[in-house]
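> Per the working numbering, the first sequence starts with residue 3, numbered consecutively. Virtual Cβ for every residue (Gly too), placed ideally from N, Cα, C. Encoded as structure tokens, here's the structure I'll be asking about.
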Amino acid sequence: MGAAWVLLEPLSSERHENCHMKEKTQRISDRLDWNLLRTFLVIAQEKSISGAAVKLHVTQSAVSQALRRLEEQFGRRLIERHHSRFCLTPAGEEVLAAADTIYGNVAQLASSVSDADEQTVGRIHVLVASRIHSAVYDAFWATFHRAHPRVEVELEVMPSSEIVKIIQQKGATAGIALCKQMPKRLEHSLFLQQRYSLFCGQYHSLFGKSDLTMDDLLGENFVSFTSDALGDSLSPLTIFRDQRGFSGTVVATSSHHDEVKRLLVAGFGIGCLPEHSVQHDLDEGRLWRLPPEEGVCSANLYLLWHEDAHRTAAERVFLDAFKTHIEQYTPAQRLLPILPQVRQQ
DNA sequence: AGTTTCACAAACAGAGGTTA
DNA sequence: TAACCTCTGTTTGTGAAACT
């Protein structure tokens, strides 16, 4: 039955064409399967049918058939098939934009319905980058929970690039993520200004050497964050390596701060970490600070939220509380491991 | 290598019949 | 009349083979 109602024969007169289009549009809006749009959204995000299949936990064949059914419903090609090249047709771009919006609205609907069930119990879903080191941040959650004990909180850890994507789709209340440049449609508030420096671990040959210069490091292998690929949130680290003429290779990677640190301590190579996050490891002799003295680069963590998402009461309370809380502290205070006194206005 | 097509199977929904 | 069962058609998935 699926696409039997889609009329593909060309009609001769313009009047008939208009009637036909109106009828067809009506039928599409009545019958369009949201699952197909969701599948198409993932295909476009992954830029691959097999990639989408992995993400959706179905076979590549199932995704291919779903795409065909969607194309039949619209009576248009949505993706141009080329050898090893993926591109959306203009119709595909239109469908993607619509699917993106619908996905956001459905996510908000789920949140609103959940809120409506229990008027006094809200729920917030916050996406956070791996391992945020800040006593101010810890204190925020303590304060927030005391003030709003019935608000249910979900904190989900994921790479910054994923966080930005999901917040743009209105798929969560807010995100705390590294950003090189501010993404479209998102509001932001600067949270942490982190300075990255080079370190090696206790089993590395450079550990404990205090008279090192940059030349001593150029042949060393690297431990890196997955996100320091060019164009990603930590790409300044890669640019630094290229500009300074490092000849070593990246021998170990992880998207998680603690795992990068573990690999550094294990002696896989040298690598960058936020200075303020490893003071304890330096004090206890697990890590060793390397040149350059001034560090490698800065990377800022921002609180991100969608500019025109519908928000529940709990979500509004969270955003207001977070912004108010961090504004009480200077950027330097936000990096401290122990909660400082609130700054004087 | 990635994608499409085909045959087949499982799950599901709706229609219709039966029974208490 | 509600509850249950059976049958049938549809949808959507898998796996294999063919295609680009």
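Inspect the beta-carbon positions of Val97 and Ile328 and report whether they are closer than 8 Å.
Their beta carbons are not under 8 Å apart, which means Val97 does not touch Ile328 by this criterion.
> Quick one: any contact between the region 308 to 319 and the region 167 to 176, if contact means 3 or more CB pairs under 8 Å?
Yes, the region 308 to 319 touches the region 167 to 176.
> Looking at the secondary structure, which residues open and close the beta strand (DSSP E) in which Val225 lies?
Its beta strand (DSSP E) spans residues Phe224 to Phe227.
> Report all residues from its chain with a CB closer than 8 Å to the CB of Glu120; omit the five preceding and five following residues, and keep chain order.
Because the pLDDT at Glu120 is just 44, under 50, the model does not fix this residue reliably, and the point stays unresolved.
> Would DSSP call Ile168 helix, strand or coil?
In the structure shown, Ile168 sits in a helix (DSSP, three-state: H, G or I).
> Quick one: any contact between the region 294 to 309 and the region 186 to 197, if contact means 3 or more CB pairs under 8 Å?
Short answer: they touch.
> From this set, Pro294, Gly203, Leu338 and Leu239, which residue's C-alpha is nearest Asp213's C-alpha?
With distances taken between Cα atoms, Asp213 lies closest to Pro294.
> Closer than 7 Å: is that where the CB of Pro151 sits relative to any heavy atom of the ligand GDP?
In the structure shown, the ligand GDP is absent, as is every other ligand, since no ligand is present at all.
> May I ask you to report which of helix, strand or coil DSSP gives Glu329?
Of the three classes helix, strand and coil, the one that applies to Glu329 here is helix, per DSSP.
> Taking the C-alpha atoms as reference points, what is the distance between Phe209 and Met216?
Roughly 15 Å between the two C-alpha positions.
> Thinking C-beta only, is Gly250 closer than 8 Å to Gly271?
Result yes, Cβ atoms of Gly271 and Gly250 sit closer than 8 Å.
> How big is the Cα-Cα spacing for Ala100 and Leu69?
So the two alpha carbons sit approximately 16 Å from each other.
> Which class does Glu261 belong to by DSSP, given the choice of helix, strand or coil?
Correct three-state label for Glu261: helix.
> Just checking, does the region 132 to 147 make contact with the region 72 to 82 on the three C-beta pairs under 8 Å criterion?
Contact between the region 132 to 147 and the region 72 to 82 is absent, because fewer than three Cβ pairs lie under 8 Å.
> I need the boundaries of the beta strand (DSSP E) containing Ala179, first residue and last residue.
Segment Ala176 to Leu180, the beta strand (DSSP E) holding Ala179.
> Could you compute how far the alpha carbon of Phe47 sits from the alpha carbon of Pro92?
In the sequence as presented, Phe is not what sits at residue 47; that position holds Gln. Near 16 Å, if we compare the C-alpha coordinates of Pro92 and Gln47.
> Which partner residues does Trp36 have in the DSSP bridge list?
Answer by DSSP bridge pairing: none, since Trp36 is not bridged.
> Using DSSP with H/G/I as helix, E/B as strand and the rest coil, what is Pro276?
Strand.
> Mapping the DSSP letters down to three states, classify Leu341 as helix, strand or coil.
Looking at Leu341 - three-state DSSP - the assignment turns out to be coil, as it is neither helix nor strand.
> Just the C-alpha distance for Asp140 and His259, rounded to the nearest angstrom, thanks.
Approximately 17 Å between the Cα atoms of the pair.
> Along the chain, where does the beta strand (DSSP E) that runs through Phe270 open and close?
Taken as a continuous stretch (DSSP letters only), Phe270 belongs to no beta strand (DSSP E), as it is neither H nor E.
> At which residues does the beta strand (DSSP E) containing Leu192 begin and terminate?
Element bounds for Leu192: Leu188 to Gly203.
> Which residue's Cα is closest to the Cα of Asp285: Trp307, Gly203 and Glu317?
Asp285 has its Cα closest to that of Gly203, out of Trp307, Gly203 and Glu317.
> What residue does the beta strand (DSSP E) around Glu156 start on, and which one ends it?
Looking at the DSSP string, the run of the beta strand (DSSP E) that includes Glu156 is Glu154 to Val159.
> Using 8 Å as the threshold, is the C-beta distance between Leu337 and His282 below it?
In this structure, His282 does not lie closer than 8 Å to Leu337 by Cβ.
> Tell me the DSSP bridge mates of His206?
Bridge partners of His206: none, in fact.
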